[in-house]
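*Asks:* Chains as they are written, first to last, in my numbering: chain A, 1363 to 1476; chain B, 401 to 516.
Beta carbons are placed, not taken as given, at the ideal position from N, Cα and C, and that holds for glycine.
Below are the structure tokens for one structure; questions will follow.
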Amino acid sequence: DQQVKQNSPSLSVQEGRISILNCDYTNSMFDYFLWYKKYPAEGPTFLISISSIKDKNEDGRFTVFLNKSAKHLSLHIVPSQPGDSAVYFCAASEVSGANSKLTFGKGITLSVRP
Amino acid sequence: DTAVSQTPKYLVTQMGNDKSIKCEQNLGHDTMYWYKQDSKKFLKIMFSYNNKELIINETVPNRFSPKSPDKAHLNLHINSLELGDSAVYFCASRDLAGGQGTDTQYFGPGTRLTVL
């Protein structure tokens, strides 16, 4: 029972163009969402997050959009760079405090072509 | 100045053996986690500890026993290793005292366990 879904396993974009990575969730109790980036043989690195009280959060080239009614979020990377090539995980949590835990999607492999 | 470190990075062992993976964080966080990334690439939580106290146990077999000697360390001991235990295990930490909106967890580099 996947509560966080990243249905596209991979995405390839040209350097300088926009990368749009999508994520859907089924648990309406999720109230905090995060994106992690992972290079091979390394741990996931936090990229950007958004609370359910917002619909957009921006940090430099990275913007996350949240559509609560559609239970959908997306990560936009503009402009895309070859160093952005990695696996991107969407994650969500529903509880704050000590019992908080992250539920991850399967990840999307982004390739940025020079 | 690694924030979350794990040892060893690679671990190859035979079925039936007992092994341990160590995790340390120097971020001053009070909550630590163990995740398993299986062959299907899903990252799934196994345990969480807050100030040395077990908080989350996601129905992991009792062959897996986490131990937290202090809030900067969370080790994972696995008894009677099975083929299905082969995976990458990630440690993570979080600053629970940061309050609402600080569910951000910081991950270690992972330990690739191969059971032969």
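So within the segment 442–495 of chain B, which uninterrupted beta strand (DSSP E) runs reach at least 3 residues, ignoring any that extend past its ends?
*Replies:* 443–450, 453–457, 464–470, 473–478 and 487–494
*Asks:* Could you tell me the alpha carbon to alpha carbon distance between residue 1427 of chain A and residue 419 of chain B, rounded to whole angstroms?
*Replies:* 43 Å
*Asks:* Does DSSP classify residue 418 of chain B as helix, strand or coil?
*Replies:* coil
*Asks:* May I ask you to list, following chain order, the residues of the segment 1395–1428 of chain A that have a beta carbon less than 8 Å from some beta carbon of chain B?
*Replies:* 1396, 1398, 1403, 1404, 1405, 1406, 1407, 1408, 1411 and 1413
*Asks:* Does the Cβ of residue 1443 of chain A have 16 or more other Cβ atoms within 10 Å, making it buried, or fewer, making it exposed?
*Replies:* exposed
*Asks:* For a cutoff of 8 Å on Cβ pairs, would you count residue 441 of chain B as touching chain A?
*Replies:* yes
*Asks:* For residue 424 of chain B, collect the residues of the same chain with a Cβ closer than 7 Å to its Cβ; drop the 5 residues on either side in sequence, then sort them by chain order.
*Replies:* Same-chain partners within the cutoff: 405, 472 and 473.
*Asks:* Counting only the same chain and skipping the five closest in sequence on each side, list residues whose C-beta sits under 8 Å from that of residue 458 of chain B.
*Replies:* 444, 445, 446 and 447
*Asks:* Pick helix, strand or coil for residue 1446 of chain A, following the three-state DSSP scheme.
*Replies:* helix
*Asks:* Could you pull the start and end residues of the beta strand (DSSP E) that residue 404 of chain B belongs to?
*Replies:* It spans 404–407 - the beta strand (DSSP E) in which residue 404 of chain B sits, taken as one unbroken run.
*Asks:* I'd like the span of the beta strand (DSSP E) that includes residue 1410 of chain A, first residue to last.
*Replies:* 1407–1413
*Asks:* May I ask you to report which of helix, strand or coil DSSP gives residue 504 of chain B?
*Replies:* coil
*Asks:* Any idea if residue 412 of chain B is buried or exposed, counting beta-carbon neighbours within 10 angstroms, 16 or more meaning buried?
*Replies:* exposed
*Asks:* Which value, in whole angstroms, describes the spacing of the CA atoms of residue 1415 of chain A and residue 1394 of chain A?
*Replies:* 9 Å
*Asks:* Closer than 8 Å, Cβ to any Cβ of chain A: which residues of the segment 412–432 of chain B, in chain order?
*Replies:* Per Cβ criterion, the list reads 431.
*Asks:* Kindly identify the DSSP beta-bridge partner or partners of residue 410 of chain B.
*Replies:* Paired residue(s): B/512.
*Asks:* Give the straight-line distance between the Cα atoms of residue 515 of chain B and residue 1378 of chain A, rounded to the nearest whole angstrom.
*Replies:* 43 Å
*Asks:* Under 8 Å, Cβ to Cβ, is there at least one residue of chain B near residue 1464 of chain A?
*Replies:* yes
*Asks:* In angstroms, rounded to a whole number, what distance separates the CA positions of residue 1390 of chain A and residue 1371 of chain A?
*Replies:* Roughly 24 Å between the two C-alpha positions.
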